[in-house]
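Chains as they are written, first to last, in our numbering: chain C, 30 to 143; chain F, 397 to 510. Input: a single structure, listed below in structure tokens.
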Amino acid sequence: AQSVTQPDIHITVSEGASLELRCNYSYGATPYLFWYVQSPGQGLQLLLKYFSGDTLVQGIKGFEAEFKRSQSSFNLRKPSVHWSDAAEYFCAVGTNFGNEKLTFGTGTRLTIIP
Amino acid sequence: DAMVIQNPRYQVTQFGKPVTLSCSQTLNHNVMYWYQQKSSQAPKLLFHYYDKDFNNEADTPDNFQSRRPNTSFCFLDIRSPGLGDAAMYLCATSRETGGNSPLHFGNGTRLTVT
Chain C
30 AQSVTQPDIH ITVSEGASLE LRCNYSYGAT PYLFWYVQSP GQGLQLLLKY FSGDTLVQGI
90 KGFEAEFKRS QSSFNLRKPS VHWSDAAEYF CAVGTNFGNE KLTFGTGTRL TIIP
Chain F
397 DAMVIQNPRY QVTQFGKPVT LSCSQTLNHN VMYWYQQKSS QAPKLLFHYY DKDFNNEADT
457 PDNFQSRRPN TSFCFLDIRS PGLGDAAMYL CATSRETGGN SPLHFGNGTR LTVT
């Protein structure tokens, strides 16, 4: 079975600084990888996804993520964060077995300071 | 805009008093999911429908039931809510099951049990 680890429970970043959120997965084949964002009191919104092809994927709100097979990682990055980026971020992994569900990581809470 | 709508946003019920949460979608997706999310945790899948086929997760308590009368609507029934059932309940849809079909979430219903 697949699993996802987000090593950082909470990260604090200054507004305008760069951001990297870590995600590591465990799966025997190439997984489908996702990042979702959840603002306080809201549902989850898809930021970006990786299925195949170019390992650097662009998402909404200026985010990008890079799939690194050798490191089993799919880290999320943003060059310059805005106060509105304060939220919970979830990495998720899916597989190519038809009835398998997404497996979510435990999330990373991002705080932005002025 | 096509979307997933959950009502109500906030629901208060008494211990042991049945409660129903509702979800509707305009995406015409085949699959509808119900997740439970407790504070600072990842969403936990309770069950899903593929069209009219109901799929329960093995560890979902019998206290939780669901109905999907048509493609657009899905309901979560909690027969006898306990204090431990206080959580955010998220409805999501996807075009297909399988790891490469992204989830589209509603904004959730926050359930309080008094």
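Just so it is clear, CB atoms sit at the ideal spot from N, CA and C, and this is done for glycine as well. These numbers were taken from a predicted model, which means no experiment stands behind them.
In this structure, DSSP gives aspartate 114(C) a helical state, which the three-state scheme calls helix. Under the 10 Å beta carbon count, alanine 488(F) is surrounded by 16 or more other beta carbons and is classified as buried.
By the beta-carbon neighbour count (other beta carbons within 10 angstroms, threshold 16), isoleucine 38(C) is exposed. For histidine 425(F), no beta strand (DSSP E) run applies, since DSSP gives it neither H nor E. Scanning chain C for C-beta atoms nearer than 7 Å to the C-beta of alanine 438(F) yields Phe119, Phe133, Gly134, Thr135 and Gly136, reported in chain order. In the DSSP assignment, isoleucine 141(C) falls within the beta strand (DSSP E) that extends over 137-142. In this chain, the beta strand (DSSP E) harbouring glutamine 461(F) covers 460-463.
Chain order gives the chain C residues near phenylalanine 501(F) as Tyr65, Gln67, Gln71, Gly72, Leu73, Gln74 and Leu75, where near means a beta carbon separation below 9 Å.
Around phenylalanine 469(F), the same chain offers Ser420 as residues with beta carbons nearer than 6 Å, after the five sequence neighbours per side are excluded.
Counting only the Cα atoms, phenylalanine 411(F) lies some 44 Å from lysine 107(C). For tyrosine 56(C), no beta strand (DSSP E) segment is defined, and its DSSP state is neither H nor E. In this structure, the CA atom of asparagine 451(F) is about 11 Å from the CA atom of lysine 130(C). Burial check for alanine 438(F): the Cβ neighbour count within 10 Å reaches 16 or more, so the residue is buried. Restricting attention to Val509(F), Asn403(F), Ser418(F) and Gln433(F), the CA atom closest to the CA of asparagine 466(F) is found in Ser418(F). With a threshold of 16 other beta carbon atoms within 10 Å, serine 490(F) meets it and is buried. If you check the CB distance, phenylalanine 103(C) and leucine 62(C) come in under 8 Å. Of the candidates Phe92(C), Ser68(C) and Ser32(C), the residue whose Cα lies closest to the Cα of asparagine 53(C) is Ser32(C).
The secondary-structure analysis by DSSP pairs isoleucine 40(C) across a beta bridge with Leu139(C). In the three-state reduction of the DSSP assignment, serine 101(C) falls in the coil class, being assigned neither a helical nor a strand state. Within chain C, the residues Phe63, Leu75 and Lys78 have their CB atoms less than 7 Å from the CB of proline 498(F), given in chain order.
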